[in-house]
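*Asks:* What the first sequence shows, in the numbering used here, is residues 267 to 495, in sequence order. Backbone N, C-alpha and C define an ideal beta-carbon position, used for all residues, glycine too.
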Amino acid sequence: MTDLLHHSWEIAPPEAVRVQKTLETHLALQPLSDAPETIAGADISTKWRGRFGVGGMVVFSWPDMELIDESFHSGELRFPYVPGLLSFREGLLLEKAFLGLRAKPDLIIFDGQGTAHPRGFGIASHLGLRLGVPSIGCAKSRLFGDVAEPVGEEKGDWRYLYSPGGRKIGAVLRTRRGVKPVYVSPGHLIDIEDSVHWVLAATSRFRLPEVIRAAHRRVGEERARRKKA
DNA sequence: GCGACAG
DNA sequence: ATCTTGTCGC
Ligand SMILES: [Mg+2]
């Protein structure tokens, strides 16, 4: 299975869909084994129409939430943005950034979906499985799934996200009172409830978890800095 | 065929 | 995703 798990990133959309369907069967959705001592945020930065991008992971201690380590990797984004196939566009850069970390995180939160995905295999699931690290998807907008009733307005209010078939695939979580909620779903080695718990635990006064905010900010700075040198 | 559509 | 300062509202 390691051959399939470590498939090349150089594949086309049709095969990417097949890879997702096969790898999805290997996900382990279960309570997080232990409280994490470190949590990482992962994201990439790219230009409007440019192919150049920088991917990065930023590691924080928990519960102190102090910066422990960070790693970046830049390169060409060959795969186009196709809803449902985001991991094939961002995966290589994120994987290389992870490999460059000296302090491997106990949990990684990705800017995108986990199992709240048409084939149950969003970027958090793909990278979590591939890297063998517990992971969560925390997206700023919806890709797949619906809630039965609107989520409450208070911070911490949440509702399950259901697939059209009625399966629980994630959650819609209010991380700030009266502000648009985030879409949380397990990636790998964690379940829905613990995903909600840890996204909240990593969130302070803003809508997004600190690790995602930091990752987003740092990859943006790195892209600007590496553009020339 | 039509509508939806992470970043 | 990214372009960008000020501005409006709690
Ligand atoms: Mg992103």
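Buried or exposed: residue 392, going by 16 or more other Cβ atoms within 10 Å of its Cβ?
*Replies:* It is buried - the Cβ of residue 392 has at least 16 other Cβ atoms within 10 Å.
*Asks:* Whole angstroms are fine: how far does the CA of residue 334 sit from the CA of residue 459?
*Replies:* Taking the straight line from one Cα to the other gives about 26 Å.
*Asks:* For residue 323 versus residue 340, is the C-beta spacing smaller than 8 Å?
*Replies:* Cβ distance not < 8 Å, so residue 323 and residue 340 don't count as in contact.
*Asks:* Hey, quick one: how far does the alpha helix (DSSP H) through residue 483 stretch, first residue to last?
*Replies:* Counting along the chain, the alpha helix (DSSP H) containing residue 483 begins and ends at 476-492.
*Asks:* Can you grab the Cα-Cα spacing for the pair residue 342 / residue 375, in whole Å?
*Replies:* Distance between the alpha carbons of residue 342 and residue 375 is about 23 Å.
*Asks:* In chain order, what residues of the same chain lie with their CB nearer than 6 Å to the CB of residue 454, ignoring the 5 residues before and after it?
*Replies:* Around residue 454: 293, 391, 394, 395, 401.
*Asks:* Which word fits residue 296, buried or exposed, when buried means at least 16 other C-beta atoms lie within 10 angstroms of its C-beta?
*Replies:* Burial call: exposed.
*Asks:* Once DSSP output is grouped into helix, strand and coil, what is the label at residue 394?
*Replies:* Three-state DSSP puts residue 394 in a helix.
*Asks:* Is residue 389 helix, strand or coil by DSSP?
*Replies:* Residue state, collapsed to three classes: helix.
*Asks:* Taking the runs of the beta strand (DSSP E) that are 3 residues or longer, which of them lie wholly in the stretch 285-361?
*Replies:* You should have 304-312, 318-327, 333-342.
*Asks:* Just checking my contact of residue 319 with residue 489 at CB under 8 Å: how many whole Å lie between their CB atoms?
*Replies:* Rounded, the Cβ-Cβ distance is 7 Å, consistent with contact.
*Asks:* Strictly closer than 5 Å from CB to any heavy atom of ligand 1: give me those residues in the order they appear in the chain.
*Replies:* Result (chain order): 309, 377.
*Asks:* Is residue 280 helix, strand or coil when you go by DSSP?
*Replies:* It is helical.
*Asks:* Between which residues of its own chain and residue 485 is the CB-CB distance below 7 Å, once the five residues before and five after are set aside?
*Replies:* If we look at residue 485 and ignore the five residues flanking it on each side, its Cβ neighbours are 309, 310, 311, 320, 321, 322, 338.
*Asks:* In whole angstroms, give me the CA-to-CA distance for residue 278 and residue 397.
*Replies:* Approximately 22 Å between the Cα atoms of the pair.
*Asks:* What residue from 290, 359, 371 has the CA that sits closest to residue 477's CA?
*Replies:* When each option's Cα is compared against that of residue 477, the closest is 371.
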